[in-house]
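Undergrad:
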Amino acid sequence: MHCGRYGNPKHSREFPVQGSSQHMVSSVINVGPENNLSRYLQEIRKYPLLTPEEELSLSRLWRDKGDVKAAHQLVTSHLRLVAKIAMGYRGYGLPINELISEGNIGMMQAVKRFDPEKGFRLATYAMWWIRAAIQEYILHSWSLVKMGTTAAQKKLFFNLRRLKGQMQAIDDGDLKPEQVNKIATTLGVSEQDVVDMNRRMAAPDHSLNAPMRADQDSEWQDRLVDDHTNQEDVYAENEELSGRKALLSSAMENLNERERRIFTERRLKDDPSTLEELAHEYGISRERVRQIEVRAFEKVQAAMKKEVQARREETSQNT
């Protein structure tokens, strides 16, 4: 599968589909090297978003019959989502077109493995694959010395800049001991790992850290995105919310009827019921209601963590 300049990475990779002679999609978008990112973003807007019904139908065609046209529609309808996610990683000094290319590869993997019968929208499932593909590319490209291979190191690499920003720490300077301790505690890594990673990130490869123009501090790609709310922003946010709701709904299947009712009334309602009201409804003490609420919450929390961890492990194994 090729996506033009912004869909075909430096290291060409194609994913076989139901046989080595077939490929998911022959061409997503015809954007040549002479075109720029702004043009690409304009072009991908031409591909319509899918309704849930259309997505389900196309996903089944692809899964059951290997319909390449269906796969093509599934991928192209999510190119804006890929671009949006890729934009979030532009602070690492890599060309945005390369990040989008890697994100598109993750999108193709998501389509290839997506099971429409599980109740999640494709965008929700694909976010994991898109981010994993982009993050793996950054880890391999950002420095001649790999920034980390373990899950903890990757977590540190992709969260250090954000945590430093929250602490108003100097971006390219050493951290104070208390800052190191707080970051290490927050991310569950050693203080030495924090110090080492911070120093590596403060001195990246020169070619990757060079400004786009000597007389400007801003990145050129910053100008290519409208700050106003747009369709893909709303789409991505709605899909993420939908995914969380689906995850919660699935986790609540572990509760019995009374636990589900009390959990819903106490934790999910905008105007939650009081312990007294529920105690009266079920003919039990307020303390007993509280115990059931806590137990239900712990069950839901454990089920959601288990599902999220399973997805992360699947992503790690297949990227």
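If you're matching positions, the sequence shown starts at 2 in our numbering and goes up one per residue.
The beta-carbon is built from N, C-alpha and C at its ideal position, and this holds for glycine as well.
As the structure is a prediction and not an experimental result, all values here were calculated from the model.
1) Enumerate in chain order the residues of its own chain whose CB-to-CB distance from Q104 is below 7 Å, with the five nearest sequence positions on each side excluded.
2) Do A252 and M305 have their beta-carbon atoms positioned less than 7 Å apart in this structure?
3) Please report the residue range of the alpha helix (DSSP H) in which P273 lies.
4) Can you list, in chain order, the residues of its chain whose CB lies under 8 Å from that of D194, leaving out five sequence neighbours each side?
5) Take L279 and list the residues in its own chain whose beta-carbon comes closer than 7 Å to its own, dropping the five residues that flank it on each side.
6) Please report the straight-line C-alpha distance between L38 and L188, rounded to a whole angstrom.
7) May I ask which residues mark the beginning and end of the alpha helix (DSSP H) holding E137?
8) Please name the residue, chosen from S102, S60, R200 and Q169, that lies closest to G120 on a Cα-to-Cα basis.
9) Nearest-angstrom Cα distance between V309 and E299?
10) Return the residue from the list P273, G67 and K165 that minimises the CA-CA distance to R114.
11) Let me check understanding here. Comparing Cα to Cα, which of G89, H79, R296 and E258 lies closest to Q110?
12) Under 7 Å between the Cβ atoms of A124 and M108?
13) Looking only at C-alpha atoms, which of E277, Y138, R261 and K270 sits nearest to P96?
14) Alpha carbon to alpha carbon, what distance is there between K47 and V76?
15) Ends of the alpha helix (DSSP H) at L256?
16) Decide if L269 is buried, meaning its Cβ has at least 16 other Cβ atoms within 10 Å, or exposed.
TA: Looking at the coordinates:
1) The sequence given here has Gly at residue 104, not Gln. So the list reads V83, I86, A87, I131, A134 and I135, once near-sequence residues are dropped.
2) yes
3) That residue, P273, is in no alpha helix (DSSP H); it is neither H nor E in DSSP.
4) A153, Q154, L157 and A185
5) I263, E266 and V290
6) 35 Å
7) L123 to S142
8) S60
9) 15 Å
10) G67
11) H79
12) no
13) Y138
14) 13 Å
15) No alpha helix (DSSP H) contains L256, which DSSP labels as neither H nor E.
16) exposed
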